[in-house]
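> Adding 78 to a residue's 1-based position in the sequence shown gives its number in my numbering.
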Amino acid sequence: VLIGLMINEIFYHKATLTIFAPSLIINKSTTIQVPYKIATVSAEFSHSKNTSGKKEIGEKATGEVTIYNTNLNREKVFKKGTEVELDGLKFIFNNEVKVASATSGTNPGIGRVKVTAASIGNEYNLSKGKRFNIDDTSYAEVTDGFTGGSKKEIQTVSQKDIEDLKTAIIEKAKKTNKLSLRDLNGGLIIPQLSEVTLKEVVSTSEVGEQASTVTVKAKIDSNYYYYQKN
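1. Between which two residues does the beta strand (DSSP E) harbouring residue 136 extend?
2. Contact between the stretch 268 to 283 and the stretch 146 to 161: three or more CB pairs below 8 angstroms?
3. How big is the Cα-Cα spacing for residue 184 and residue 210?
4. Would you say residue 205 and residue 220 are within 8 angstroms of each other, going by their C-beta atoms?
5. Can you check DSSP and say which residues form a bridge with residue 288?
6. Thinking C-beta only, is residue 196 closer than 8 angstroms to residue 168?
7. Between residue 194 and residue 173, which are expected to be in contact by the criterion C-beta below 8 angstroms, what is the C-beta distance as a whole number of angstroms?
8. Drop a sphere of 10 angstroms on the beta-carbon of residue 214, count the other beta-carbons inside from all chains shown, and report buried for 16 or more, exposed for fewer.
9. Residue 224 by DSSP, collapsed to three states: which one?
10. Please report the straight-line C-alpha distance between residue 208 and residue 248, rounded to a whole angstrom.
11. Could you pull out every residue in the same chain whose Cβ sits closer than 6 angstroms to the Cβ of residue 302, ignoring the five residues on either side in sequence?
12. DSSP has residue 281 in a bridge; who is on the other side?
13. Helix, strand or coil, according to DSSP, for residue 116 in the structure here?
14. Considering only the alpha carbon of each residue, which of 305, 307, 246 lies closest to residue 296?
15. State the beta-bridge partners of residue 299 as determined by DSSP.
16. In angstroms, rounded to a whole number, what distance separates the CA positions of residue 203 and residue 121?
17. Relative to the C-alpha of residue 308, which candidate in 270, 155, 262, 279 has its C-alpha closest?
18. Please classify residue 98 as buried or exposed, where buried requires at least 16 neighbouring CB atoms within 10 angstroms.
19. Measure from the alpha carbon of residue 125 to the alpha carbon of each residue in 81, 103, 88, 241, then state which is nearest.
20. Compute the Euclidean distance between the alpha carbons of residue 152 and residue 177, then round it to the nearest angstrom.
21. Starting from the N-terminal side, write out each stretch of the beta strand (DSSP E) that is 3 residues or longer and does not extend beyond the stretch 142 to 224.
Here is the structure:
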């Protein structure tokens, strides 16, 4: 029994201890100067895309209005550029017009003047007889109907289209103009310093010009910074 107790105490009573010693984090930095070289690859790239710009084009309606002056005491003078409006549609007098005073309550002074719509659109093609109120004692009516107003939306080149194409060309150049270790005599490229530069950028259409597609051509200079492996 005594021997058994001794064996139990010596071989079976064990514990695992984790010891925590004081520690200190030490940060160190160093600078290594490595001579480098630059290799430049030049090439021409082009890329095309559908245009995304929109623009409205058209013509302004024109016509003639008859002005009626109901003032019995004085004539009316309407200068060139006088603006009249009907239901939000504005028209401009093409020239100055004088309208005599009325001779009676039923015989107003009458004058005629050519007008042009302030904006493009076929909604400005007003029919004969439409009335414009000018002031308390004068008004105007469409003489024979306005014509020529038109509007349509066209597809144009936007600035974003050009910028997107430049970006696409740069990405294409990065994937294409890779130099091999043989070209660099065994050197290693430093990707953080390598750069691609656009030069001589030419587009088939200008910004705002009507076109369904646009192509940008550019010369690319790819500069690769590298150092010798040894």
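Quick reminder that beta carbons are idealized off the backbone N, C-alpha and C, glycines included. Quick caveat: nothing in here was measured; it's all calculated off a predicted structure.
Let me spell this out:
1. 131 to 147
2. no
3. 19 angstroms
4. yes
5. 234
6. yes
7. Incorrect: roughly 11 angstroms between the Cβ atoms, too far for contact.
8. exposed
9. coil
10. 59 angstroms
11. 117, 257, 267, 272
12. 294
13. strand
14. 246
15. 120, 275
16. 55 angstroms
17. 262
18. exposed
19. 241
20. 9 angstroms
21. 154 to 156, 161 to 164, 167 to 171, 175 to 177, 187 to 198, 209 to 213, 216 to 220
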